[in-house]
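K.L.:
Those protein sequences? They're chains F and C, same order as listed.
Each residue of the first sequence is one higher than the one before, starting from 20 at the first, in our numbering.
Each residue of the second sequence is one higher than the one before, starting from 337 at the first, in our numbering.
All C-beta atoms, glycine included, are put in the ideal place defined by N, C-alpha and C.
Below: one structure in structure tokens.
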Amino acid sequence: MMLGNCATSSSLSTTSDEDIVNNNLTALVVDDSPMIRKLHDMHLKKFGLKVQVAENGKNAIDLFRCGASFNLILMDKEMPIMDGAEATRELRTMGVTSMIVGVTSLDSIFDRQAFMEAGLDHCFTKPLTTENINFLLQELNKNNEEN
Amino acid sequence: MVGTTLSQQLNNYIQTMHEQGILDYHFDHVKALQNEENPRFVMEVISMFAHDAEAGIAHLTTVLNSAVVDFAKVISFVHQLKGSSSSIGGVRMALACREIRHACDNLDKERCLQLFEGMKQEYNTLKECLNIIFEMERSIVVANETRRRQPQMLETNRHQQ
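In structure tokens, the structure reads:
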């Protein structure tokens, strides 16, 4: 399920994983679950992205404050210390223009809408699928071509 | 070859778990992430899931057995369990977690406790399934490592003769 700029099945390209070369793309996985960080890390690396991980929203913000930058941020919602919505708002206030994608188990449409309104570009239901990642990479590659 | 036979057995077992509704396609995605550079990836994920689930269930047991239940905490722990169980393909356990969340929204302690027992049963079923997969994966890793070492051993023996 996605909120935000939605891709319908008809708009999804049939490009195979191997056709999308993403060696120059970087990603940050922000999640308090070590298992989820590991899964998303491996999943994105399989697509050729360079990946870093952060345990919570505050760690993610600290990375940016230290000069790090990423094309893509996968942001969990419920995290200790600083949750995904607060971290997203803070990153946007800092002027971060990375694609920020919420990845959450939240069922409530209201909770997900509130998360989107924090500044997400897209929001997916956990766990992320290959189709979700394909869509995001197409969007990233499209943005790179436009810039 | 031993390794291939074990792989077929594993695939057959996973298919059976699909048919019984214990695992969904998300487990296949996890398995698809495993490669030669990370031959123990599935085993590591299963171990991490079990660790998270045991901790989450322990926390929930404490909170739900309190005289006054902190439903916000229950929701938080159940949310974590839902996320991790769905990520490993434990669809029935994830659904059970969602039901507990709904009971929390209604501030229904008795219903929460009932559903919690059901969720623990689903976890035990899932854990049993994942333990079998873990052991089969381990056997495959050992078989492959043994097969890789054998040509080197044969070469060493030939030089010594």
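For Leu-342 (chain C), is the classification buried or exposed, using 16 other Cβ atoms within 10 angstroms of its Cβ as the cut-off for buried?
P.N.:
Indexing the second sequence from 1 puts residue 342 (chain C) at position 6. So Leu-342 (chain C) counts as buried.
K.L.:
May I ask you to list, following chain order, the residues of the stretch 351 to 370 of chain C that have a beta carbon less than 9 Å from some beta carbon of chain F?
P.N.:
Tyr-361, His-362, His-365, Val-366, Ala-368, Leu-369 and Gln-370
K.L.:
Report the rounded CA-to-CA distance for Glu-481 (chain C) versus Ala-106 (chain F), giving the unit in angstroms.
P.N.:
The count along the second sequence starts at 1 and reaches residue 481 (chain C) at position 145. The count along the first sequence starts at 1 and reaches residue 106 (chain F) at position 87. The alpha-carbon atoms of Glu-481 (chain C) and Ala-106 (chain F) are separated by roughly 44 Å.
K.L.:
Counting contacts by CB-CB distance shorter than 8 Å, is His-395 (chain C) in contact with chain F?
P.N.:
Numbered from 1 along the second sequence, position 59 holds the residue referred to as residue 395 (chain C). Chain F, which has no Cβ nearer than 8 Å to the Cβ of His-395 (chain C), makes this no.
K.L.:
Does the distance from the C-beta atom of Phe-413 (chain C) to that of His-395 (chain C) stay below 8 Å?
P.N.:
In the second sequence, residue 413 (chain C) corresponds to position 77, counting from 1. In the second sequence, residue 395 (chain C) corresponds to position 59, counting from 1. Yes; because the gap between Cβ atoms is below 8 Å, this pair is in contact.
K.L.:
Between the Cα of Glu-435 (chain C) and those of C:Gln-344, C:His-415 and C:Asp-360, spot the shortest distance and give me the residue it belongs to.
P.N.:
Locating residue 435 (chain C) in the second sequence gives position 99, counting from the first residue. In this structure, C:His-415 is the residue among C:Gln-344, C:His-415 and C:Asp-360 with its C-alpha nearest to the C-alpha of Glu-435 (chain C).
K.L.:
Using beta-carbon positions only, say whether Tyr-361 (chain C) and Met-472 (chain C) come within less than 8 Å of one another.
P.N.:
Counted from its first residue, the second sequence places residue 361 (chain C) at position 25. Counted from its first residue, the second sequence places residue 472 (chain C) at position 136. In this structure, Met-472 (chain C) does not lie closer than 8 Å to Tyr-361 (chain C) by Cβ.
K.L.:
In its own chain, which residues sit with a C-beta less than 7 Å from the C-beta of Tyr-459 (chain C), not counting the 5 before and 5 after it?
P.N.:
In the second sequence, the residue the question calls residue 459 (chain C) occupies position 123. So the qualifying residues of the chain are Ala-389, Ile-393 and Met-429.
K.L.:
Name, please, each residue of chain F whose Cβ falls closer than 7 Å to the Cβ of Phe-385 (chain C).
P.N.:
Counting from 1 along the second sequence, the entry for residue 385 (chain C) is found at position 49. Ordered by position in chain F, the residues that pass the 7 Å Cβ test against Phe-385 (chain C) are Met-54.
K.L.:
Please determine, among F:Asn-160, F:Ser-124 and F:Glu-109, the residue with the shortest C-alpha to C-alpha distance to Glu-136 (chain F).
P.N.:
Taking the first sequence and counting its residues from 1, the one referred to as residue 136 (chain F) is at position 117. Selected option, being the one with the closest Cα: F:Glu-109.
K.L.:
Apply the 10 Å Cβ neighbour rule to Cys-440 (chain C) and answer buried if 16 or more other Cβ atoms are within range, or exposed otherwise.
P.N.:
If you number the second sequence from 1, residue 440 (chain C) lands on position 104. Around the beta carbon of Cys-440 (chain C), 16 or more other beta carbons lie within 10 angstroms, which makes this residue buried.
K.L.:
What residues match up with Ala-46 (chain F) in a beta bridge as DSSP calls it?
P.N.:
Reading the first sequence from its first residue, position 27 is the one you call residue 46 (chain F). For Ala-46 (chain F), which the question treats as bridged, DSSP gives the partners F:Val-70 and F:Leu-91.
K.L.:
Helix, strand or coil for Asn-401 (chain C)? Go by DSSP, reduced to three states.
P.N.:
Looking up residue 401 (chain C) in the second sequence gives position 65. Of the three classes helix, strand and coil, the one that applies to Asn-401 (chain C) here is coil, per DSSP.
K.L.:
Taking Cβ positions only, does Phe-470 (chain C) come closer than 8 Å to chain F?
P.N.:
Residue 470 (chain C) sits at position 134 when you count from the first residue of the second sequence. No, because no Cβ of chain F sits closer than 8 Å to the Cβ of Phe-470 (chain C).
K.L.:
Looking at the C-beta of Gly-426 (chain C), does it have a partner C-beta in chain F at a distance below 8 Å?
P.N.:
Taking the first residue of the second sequence as 1, we reach residue 426 (chain C) at position 90. So, not an interface residue.
K.L.:
Give the secondary structure of Val-115 (chain F) by DSSP, where H, G and I count as helix, E and B as strand, and everything else as coil.
P.N.:
By 1-based counting over the first sequence, the position of residue 115 (chain F) is 96. If DSSP states are grouped into helix, strand and coil, Val-115 (chain F) belongs with coil.
K.L.:
For Met-379 (chain C), which residues in the same chain have their Cβ closer than 7 Å to its Cβ, ignoring the five residues on either side in sequence?
P.N.:
Position 43 of the second sequence holds residue 379 (chain C). Here the set comprises Phe-470, Glu-473 and Arg-474.
K.L.:
Where Gly-138 (chain F) and Asn-151 (chain F) are concerned, what is the direct C-alpha to C-alpha distance, given to the nearest angstrom?
P.N.:
The residue given as residue 138 (chain F) occupies position 119 in the first sequence. The residue given as residue 151 (chain F) occupies position 132 in the first sequence. Each residue's alpha carbon lies about 19 Å from the other.
K.L.:
Counting only Cβ pairs nearer than 9 Å, list the residues of chain C close to Lys-69 (chain F).
P.N.:
In the first sequence, residue 69 (chain F) corresponds to position 50, counting from 1. Ordered by position in chain C, no residue passes the 9 Å Cβ test against Lys-69 (chain F), which lies about 16 Å from the chain.
K.L.:
Using Cβ-Cβ distances below 7 Å, what residues of the stretch 93 to 116 of chain F are close to chain C?
P.N.:
Glu-97
K.L.:
Is Thr-482 (chain C) helix, strand or coil when you go by DSSP?
P.N.:
Counted from its first residue, the second sequence places residue 482 (chain C) at position 146. In the structure shown, Thr-482 (chain C) sits in a helix (DSSP, three-state: H, G or I).
K.L.:
Taking the DSSP output, what are the residues bridged to Val-381 (chain C)?
P.N.:
Stepping through the second sequence from its first residue, residue 381 (chain C) is reached at position 45. Val-381 (chain C) has no beta-bridge partner at all, per DSSP.
K.L.:
Use the C-beta contact count for Pro-146 (chain F): other C-beta atoms within 10 angstroms, 16 or more gives buried, fewer gives exposed.
P.N.:
Locating residue 146 (chain F) in the first sequence gives position 127, counting from the first residue. Buried is the label assigned to Pro-146 (chain F), since at least 16 other Cβ atoms lie within 10 Å of its Cβ.
K.L.:
If you draw a straight line from the C-alpha of Ser-117 (chain F) to the C-alpha of Cys-85 (chain F), how long is it?
P.N.:
Here residue 117 (chain F) refers to the residue found at position 98 of the first sequence. Here residue 85 (chain F) refers to the residue found at position 66 of the first sequence. Using only the alpha carbons, I get a separation of about 16 Å.
K.L.:
Am I right that Gly-426 (chain C) and Leu-359 (chain C) are in contact with their C-beta atoms under 8 Å? What's the rounded C-beta distance?
P.N.:
The residue you call residue 426 (chain C) lines up with position 90 of the second sequence. The residue you call residue 359 (chain C) lines up with position 23 of the second sequence. Sure, about 7 Å apart at Cβ, within 8 Å.
K.L.:
For Thr-123 (chain F), tell me which candidate among F:Ala-104, F:Glu-158 and F:Lys-57 has the shortest Cα-Cα distance.
P.N.:
The residue labelled residue 123 (chain F) in the question sits at position 104 within the first sequence. It is F:Ala-104.
K.L.:
Ignore the nearest five residues each way along the sequence and tell me which others in His-418 (chain C)'s own chain have a CB closer than 7 Å to its CB.
P.N.:
For this step, residue 418 (chain C) is matched to residue 82 along the second sequence. According to the sequence as given, residue 418 (chain C) is Lys; it is not His. Excluding residues within five positions, the ones whose Cβ falls inside 7 Å are Ala-430, Cys-433 and Arg-434.
K.L.:
Would you call Ile-424 (chain C) buried or exposed, if buried means 16 or more other Cβ atoms sit within 10 Å of its Cβ?
P.N.:
Position 88 of the second sequence, counting from 1, holds the residue named residue 424 (chain C). With 16 or more other Cβ atoms inside 10 Å of its own Cβ, Ile-424 (chain C) counts as buried.
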